[in-house]
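Per my numbering, residue 34 is the first one in the sequence shown, and the count goes up by one each step.
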Amino acid sequence: MEINKVTKEQSDFSVKINYGLEGAYFTESKICKVDGVNGKLYYRGYSIEELASHSNFEEVSFLLLNGKLPRKDELEEFSANLKKERELPKEIVHIIKNITKKEDPMHILRTAVSALSAYDPEADVNTKEANMRKSIRLISKMASITAAIGRFKTEKEYIAPDNSLGHSANFLYMLHGNKPSEKEIKIFDRMLLLHAEHSSNASTFSVLVTGSTLSDIYSAITSGIGTLKGPLHGEADENALRMLYEIKSPDNAERYINDALSGKQRIMGFGHRVYKTYDPRARVIRETLEEIKSSSPEVKNLVDISFKIETMMIEKLGRSHGIWPNVDFFSGPVYTYLGVPIELFTPVFAVSRVSGWCSHLLEYWENNRLIRPLDYYTGELDLKYPK
Ligand code: CMC
């Protein structure tokens, strides 16, 4: 389509369309810097490598929401508030249980989060303080909801939270019914930390679009969950692991990838709208694969297939086309090691990303402007109604 030709009636200026808003800036933010050229990621100025080595998900959530690392007492208070909010209203547990058989986990998560507003006395209080409290509620309760979905999906009973445990350990406990090891907690917590924030990606943007109408935080986060669900966004990690299972063994990887690429298929877990180099989060997760690869024959096989595909894809499409592993490629073997079932990968992504979503919404509301872009009308005008 020739987009620079504009009729006088439509506009006086020449139109440049950024399909998919690619390369378009719509706001300023102090939360996250994604440097797609150099493969760097910063949360509030701290590099992802620095945070992955020294911090944890709770501290990072505080950092994202408040713009600074917490003092010891601030972190204790934040963690205590997360604990206070863990239990789910029994009606929410019923909703999850009742729709579990019929629905995909992301539909259940979206429905349950939307329903949470009915049990929040501050649901429509739009002050900064109330929105901060609701953010903490959402971070805490989305983990409980996701664990409950995991329980009901496998026809097990809901497990109440254990307040002697931190956020990540409690999630694994509510999912599995037993206390995780220190190694499992550390690895799961690092996964949450790595997925917590990524500037104005599709789901965060959708949270802001809803928020910019001065709707409420539950509506905004519900929009984000719906957007995250897509296979081009959050669901790619599930599909990447399904691909590894389909390939079955490292010996089949070469033929599979060659066939897929010659059939113009996309390889899930590769490519990114912003990173045209190795995604720094994928690098950290790749190191985790080294830590877990001898844990079981299944995990070892998945790791070996992943490494084979990684080498092939970098040779074929990395340097030449800027298509490198993204955060979703190596996640599957890690979640398999942790016993997180495949259909919970995207809800777990949401359990983490909710910190980023809320942080952006709170920041955007400081200086709200209705988000309302234009589309360039190319249809007909002044048609006569058929008589
Ligand atoms: N495998 C093979 N080819 C690819 C891939 C891939 N994973 N990704 C992009 N390409 C090709 C694409 O076919 C196109 O080729 P051509 O120009 O010949 O038609 C070219 O690269 C440009 O693709 P695009 O769709 O215009 O690029 P984009 O910036 O819109 O794509 C993307 C970004 C993430 C949608 C895409 O890379 C993709 O579909 N990846 C697979 C899904 C995936 O892993 N998503 C997770 C993204 S990271 C986590 C998150 O943010 O949620």
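For every residue, glycine included, the Cβ atom is placed at its ideal position computed from N, Cα and C.
Contacts around residue i, its chain only, beta-carbon distance under 7 Å, and the 5 residues preceding and following it disregarded
{"i": "Ile258", "result": "Met139, Leu142, Arg143, Val146, Ala383"}
{"i": "Gly372", "result": "His209"}
{"i": "Thr246", "result": "Leu403"}
{"i": "Asn272", "result": "Pro264, Met301"}
{"i": "Pro213", "result": "Ala202, Leu205, Tyr206"}
{"i": "Gly183", "result": "Leu208, Pro374, Leu377"}
{"i": "Lys32", "result": "The question about residue 32 has no answer here: the residues shown for the chain are numbered 34 through 420."}
{"i": "Asn291", "result": "none"}
{"i": "Ser329", "result": "none"}
Cut-off 8 Å between Cβ atoms - residues of its own chain near residue i, not counting five sequence neighbours on either side
{"i": "Tyr52", "result": "none"}
{"i": "Met165", "result": "Leu98, Leu395"}
{"i": "Ala176", "result": "Arg119, His200, Asn203, Phe204, Met207, Val384"}
{"i": "Val332", "result": "Ile325, Lys326, Pro366, Thr369, Tyr370"}
{"i": "Val126", "result": "Ala181, Tyr191"}
Beta-carbon proximity check, residue i vs residue j, cutoff 8 Å
{"i": "Ile178", "j": "Ile129", "result": "yes"}
{"i": "Arg275", "j": "Glu55", "result": "no"}
{"i": "Ala253", "j": "Gly244", "result": "yes"}
{"i": "Leu205", "j": "Glu188", "result": "no"}
{"i": "Ala286", "j": "Ile375", "result": "no"}
{"i": "Lys174", "j": "Leu149", "result": "yes"}
{"i": "Ala315", "j": "Phe238", "result": "no"}
{"i": "Pro283", "j": "Ile338", "result": "yes"}
{"i": "Gly267", "j": "Ser236", "result": "yes"}
{"i": "Lys73", "j": "Pro358", "result": "no"}
{"i": "Tyr79", "j": "Pro122", "result": "no"}
{"i": "His393", "j": "Leu241", "result": "yes"}
{"i": "Leu102", "j": "Glu91", "result": "no"}
{"i": "Tyr311", "j": "Gly69", "result": "no"}
{"i": "Phe303", "j": "Met345", "result": "no"}
Alpha-carbon to alpha-carbon, residue j and residue i
{"i": "Ala85", "j": "Met224", "result": "9 Å"}
{"i": "Phe221", "j": "Ile356", "result": "27 Å"}
{"i": "His228", "j": "Leu350", "result": "24 Å"}
{"i": "Ala181", "j": "Leu335", "result": "27 Å"}
{"i": "His200", "j": "Val381", "result": "13 Å"}
{"i": "Tyr75", "j": "Ile325", "result": "26 Å"}
{"i": "Pro419", "j": "Tyr409", "result": "26 Å"}
{"i": "Ser327", "j": "Gly412", "result": "59 Å"}
{"i": "Phe111", "j": "Arg119", "result": "13 Å"}
{"i": "Lys63", "j": "Leu261", "result": "22 Å"}
{"i": "Arg352", "j": "Leu265", "result": "22 Å"}
{"i": "Ala269", "j": "Glu155", "result": "35 Å"}
{"i": "Gln298", "j": "Lys135", "result": "30 Å"}
{"i": "Lys417", "j": "Asn159", "result": "47 Å"}
{"i": "Leu322", "j": "Asp106", "result": "34 Å"}
{"i": "Glu35", "j": "Pro194", "result": "With a pLDDT of 43 at Glu35, under the threshold of 50, the modelled position of this residue cannot be trusted; read the value that follows with caution. Spanning the two alpha carbons is a distance of roughly 58 Å."}
{"i": "Glu83", "j": "Lys66", "result": "14 Å"}
{"i": "Ala57", "j": "Leu414", "result": "29 Å"}
{"i": "Ser248", "j": "Asp137", "result": "26 Å"}
{"i": "Asn401", "j": "Asn131", "result": "38 Å"}
{"i": "Glu190", "j": "Asn71", "result": "47 Å"}
{"i": "Asn211", "j": "Gly100", "result": "35 Å"}
{"i": "Arg104", "j": "Asp157", "result": "31 Å"}
{"i": "Glu215", "j": "Gly296", "result": "44 Å"}
{"i": "Glu320", "j": "Phe340", "result": "11 Å"}
{"i": "Thr133", "j": "Glu348", "result": "43 Å"}
{"i": "Glu109", "j": "Glu124", "result": "30 Å"}
{"i": "Ala293", "j": "Ile81", "result": "32 Å"}
{"i": "Ala113", "j": "Arg77", "result": "23 Å"}
Rounded Cβ spacing between residue i and residue j (contact assumed at less than 8 Å)
{"i": "Phe378", "j": "Tyr368", "result": "6 Å"}
{"i": "Ser256", "j": "Ile318", "result": "In fact, because the Cβ distance is near 27 Å, the residues do not count as touching under 8 Å."}
{"i": "Leu422", "j": "Ile169", "result": "Any answer about residue 422 is impossible in this case: the structure gives the chain only from 34 up to 420."}
{"i": "Asn89", "j": "Leu226", "result": "7 Å"}
{"i": "Cys391", "j": "Ile250", "result": "7 Å"}
{"i": "Tyr397", "j": "Thr60", "result": "7 Å"}
Residues near residue i in its chain [Cβ-Cβ closer than 6 Å; skip 5 each side]
{"i": "Ile280", "result": "Ala286, Tyr289, Ile338"}
{"i": "Ser388", "result": "Ser94, Leu97, Ile172, Ala229"}
{"i": "Asn196", "result": "Lys116"}
{"i": "Val360", "result": "Asp312, Arg314, Ala315"}
{"i": "Ala163", "result": "Glu155"}
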